[in-house]
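To start, the structure itself, in structure tokens.
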Amino acid sequence: MLEMTAQVAVFDYHDGVFKQTQLVDMKNKGVQEKNGGGALHTSPDGKFLYVTNRGDANQVVVFRIDQASGKLEEIQRRSLEGKEPREFAFDPTGKYMLFANQKSNQIVTVRRDPQSGKIGETVQKFDADSPSYLRFLTDK
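Numbering (the numbering used here), first residue to last: 1340 to 1479.
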């Protein structure tokens, strides 16, 4: 992720050599606004990429990953109902995601459809002082 330009760079890797294959712009088309990447993670099954877009957008952008080529296809943009989504995490089932909205001092829990990769409704919001990192600790 290129934080300051709000872009995702995709690379092919072979024998120690990287080759850029795609550059995806996360800015909302036709809108003048400040943007900046926050965090990116693949879904537990590796089929989707989620990237937080901070600044004025304050959203998550969801991409389907082509399993053959690695190319990204945007499938959803969703507001995160707060300011500066810094980090996020998948719950152990992959059916929920938690987003840390750092400047609005809250953590937002949303449903996630593991089949489509799309994010659904908000389940819970709770206050947290400037959250910046989320992690589920399991017994594994």
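In this text, a Cβ means the ideal position worked out from N, Cα and C, and glycines have one as well.
Span separating the alpha-carbon of residue i from that of residue j
| i | j | result |
| --- | --- | --- |
| Y1389 | K1442 | 20 Å |
| F1438 | S1469 | 12 Å |
| A1378 | V1349 | 15 Å |
| A1345 | Q1454 | 27 Å |
| V1347 | D1354 | 22 Å |
Spatial neighbours of residue i in its chain, beta-carbon cut-off 7 Å, leaving aside the 5 residues before and after
| i | result |
| --- | --- |
| S1471 | R1425, E1426, A1439 and Q1441 |
| N1367 | A1396 |
| Q1445 | G1421, K1464, F1465, D1466 and A1467 |
Proximal residues to residue i (C-beta, below 6 Å), its chain only, five neighbours per side dropped
| i | result |
| --- | --- |
| I1414 | V1401 and R1403 |
For residue j and residue i, believed in contact at Cβ under 8 Å, the rounded distance
| i | j | result |
| --- | --- | --- |
| G1433 | R1451 | 7 Å |
| G1376 | L1341 | 7 Å |
| A1428 | F1475 | 6 Å |
| D1364 | K1358 | Not quite, the Cβ-Cβ distance comes to about 20 Å (not below 8 Å), so this is no contact. |
| P1431 | T1381 | Rounded, the Cβ-Cβ distance is 16 Å, inconsistent with contact. |
Assigned secondary structure, residue i (DSSP; H/G/I helix, E/B strand, else coil)
| i | result |
| --- | --- |
| G1433 | coil |
Quiz item: Within the chosen definition, does the region 1418 to 1435 reach the region 1395 to 1405 through at least 3 CB pairs nearer than 8 Å?
Solution: They touch, by the three-pair rule.
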